[in-house]
Amino acid sequence: MNESVISLNSGNGGNRREPDRGWALMEQGVVGIVIIVVIVSVLAYALTLWLRKDVASETTNIQTIITSSQGLLKDSDGYNFTSAAKMTGALIQQGGVSRSMTIRGDVQAGTATLWNTWGGAVTLTPLNTAGFNNGFTLTYEKVPQAACVQIATRLSKSGVVDGITINATAHADGKVTTEQAGHSARRTADVPAPTN
Numbered sequence: 037m038n039e040s041v042i043s044l045n046s047g048n049g050g051n052r053r054e055p056d057r058g059w060a061l062m063e064q065g066v067v068g069i070v071i072i073v074v075i076v077s078v079l080a081y082a083l084t085l086w087l088r089k090d091v092a093s094e095t096t097n098i099q100t101i102i103t104s105s106q107g108l109l110k111d112s113d114g115y116n117f118t119s120a121a122k123m124t125g126a127l128i129q130q131g132g133v134s135r136s137m138t139i140r141g142d143v144q145a146g147t148a149t150l151w152n153t154w155g156g157a158v159t160l161t162p163l164n165t166a167g168f169n170n171g172f173t174l175t176y177e178k179v180p181q182a183a184c185v186q187i188a189t190r191l192s193k194s195g196v197v198d199g200i201t202i203n204a205t206a207h208a209d210g211k212v213t214t215e216q217a218g219h220s221a222r223r224t225a226d227v228p229a230p231t232n
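Letter 137 of the sequence shown, counting from 1, is numbered 173 in this note's numbering, and no numbers are missing.
(1) Within its chain, find whatever has a CB closer than 6 angstroms to the CB of residue 108; leave out the 5 residues flanking it on each side and keep chain order.
(2) Could you pull out every residue in the same chain whose Cβ sits closer than 6 angstroms to the Cβ of residue 168, ignoring the five residues on either side in sequence?
(3) Specify the secondary structure class of residue 196 as computed by DSSP and reduced to three states.
(4) Out of 206, 182 and 39, which has the shortest C-alpha to C-alpha gap to residue 86?
(5) Closest to residue 177 by CA distance: which of 199, 190, 162 and 153 is it?
(6) Roughly how many whole angstroms lie between the Cα atoms of residue 141 and residue 147?
(7) What whole-angstrom Cβ distance do residue 150 and residue 128 have, given they're in contact under 8 angstroms?
(8) Of the residues 79, 125, 72 and 136, which one's Cα is nearest the Cα of residue 93?
(9) Look at the alpha carbon of residue 139 and the alpha carbon of residue 110, and state the distance between them as a whole number of angstroms.
(10) Ordered along the chain, which non-local residues of its own chain (more than five positions away) have a Cβ less than 7 angstroms from that of residue 194?
(11) So, residue 192 versus residue 171, is the Cβ gap smaller than 8 angstroms?
(12) Which first and last residues belong to the beta strand (DSSP E) in which residue 140 is found?
(13) For residue 221, collect the residues of the same chain with a Cβ closer than 6 angstroms to its Cβ; drop the 5 residues on either side in sequence, then sort them by chain order.
(14) Secondary structure at residue 151, three-state DSSP: helix, strand or coil?
(15) Any chance you could list the alpha helix (DSSP H) runs of at least 4 consecutive residues sitting entirely within the stretch 58 to 115, in chain order?
(16) Relative to the alpha-carbon of residue 159, which residue among 145, 119, 144 and 166 has its alpha-carbon at the smallest distance?
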């Protein structure tokens, strides 16, 4: 008679293997925290990029307004406007502002108003010196502090402005360091006002 012996070796000494029970609560919590940290980091980075985009866009808008005002609004007698509303409206009417800016009102009548990314009014005011409107002030309202500091220092470096006022602090030479802009911008209001 032939006997066959079959030996099964399970590799664990014949002990029964424990079934896989999945992740424990501790592992799930750690993975959850890691996912939350990654999401918060991505959102913070996206917010930083968004702010930088707004700052770059508004800095370009300011430079466009200044250049357009000098080319379109100045005549042999300077900037002959009786009010900020009329000067701002005339610049909009002549197409001297970026299309990315918000314009409200009647463009053809010259009564339109201009608004920045943050919902603040943007105005041009003739600057009268000794009875002659030989310059203008560009005012930007509702600019967040971080953006205000960046815009003011960028304009200072560009050399397109003769003076910058942040809140009540005037920099008549148009030169503003990041430290000076940061100190000036902390004073509750948030307006860099380039003059030219």
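Heads up, the beta-carbon is just placed ideally off N, CA and C, and yes, glycines get one too.
Let's see:
(1) Reading the sequence shown from its first residue, position 72 is the one you call residue 108. Excluding sequence neighbours, residue 108 sits near 130 and 132.
(2) Position 132 of the sequence shown, counted from the start, is the residue given in the question as residue 168. Setting aside the 5 residues that flank it on each side, residue 168 is surrounded in the same chain by 114, each with a C-beta closer than 6 angstroms to its C-beta; the list follows chain order.
(3) As a working note, residue 196 is residue 160 in the sequence shown. When DSSP states are grouped into helix, strand and coil, residue 196 belongs to the coil group.
(4) As a first step, residue 86 is located in the sequence shown; it is residue number 50 there, counting from the start. Measuring from the Cα of residue 86, the nearest candidate turns out to be 182.
(5) Here residue 177 refers to the residue found at position 141 when the sequence shown is read from its first residue. Nearest C-alpha to residue 177: 153.
(6) Taking the sequence shown and counting its residues from 1, one reaches residue 141 at position 105. Taking the sequence shown and counting its residues from 1, one reaches residue 147 at position 111. A straight-line Cα-Cα distance of about 6 angstroms links residue 141 and residue 147.
(7) Here residue 150 refers to the residue found at position 114 of the sequence shown. Here residue 128 refers to the residue found at position 92 of the sequence shown. Confirmed, Cβ separation roughly 6 angstroms.
(8) Residue numbering aside, residue 93 sits at position 57 when the sequence shown is read from its first letter. Residue nearest to residue 93 within the set 79, 125, 72 and 136 is 136 (criterion: CA-CA distance).
(9) Along the sequence shown, one-based indexing puts residue 139 at 103. Along the sequence shown, one-based indexing puts residue 110 at 74. Going by the C-alpha atoms only, they are around 22 angstroms apart.
(10) Taking the first residue of the sequence shown as 1, we reach residue 194 at position 158. Around residue 194, the same chain offers 99 as residues with beta carbons nearer than 7 angstroms, after the five sequence neighbours per side are excluded.
(11) As a first step, residue 192 is located in the sequence shown; it is residue number 156 there, counting from the start. As a first step, residue 171 is located in the sequence shown; it is residue number 135 there, counting from the start. Not a contact, by the Cβ cut-off of 8 angstroms.
(12) Position 104 of the sequence shown, counted from the first residue, corresponds to residue 140. 138 to 140 is the extent of the beta strand (DSSP E) around residue 140.
(13) If you number the sequence shown from 1, residue 221 lands on position 185. Contacts found: 181, 184, 185 and 202.
(14) For the purposes of this step, residue 151 is taken as the residue at position 115 of the sequence shown. The answer is strand: DSSP assigns residue 151 an E or B state.
(15) For the alpha helix (DSSP H) assignment, the uninterrupted runs of no fewer than 4 residues enclosed by the stretch 58 to 115 are, from N- to C-terminal side, 61 to 108.
(16) As a first step, residue 159 is located in the sequence shown; it is residue number 123 there, counting from the start. Just measuring C-alpha positions, the residue of 145, 119, 144 and 166 sitting nearest residue 159 is 119.
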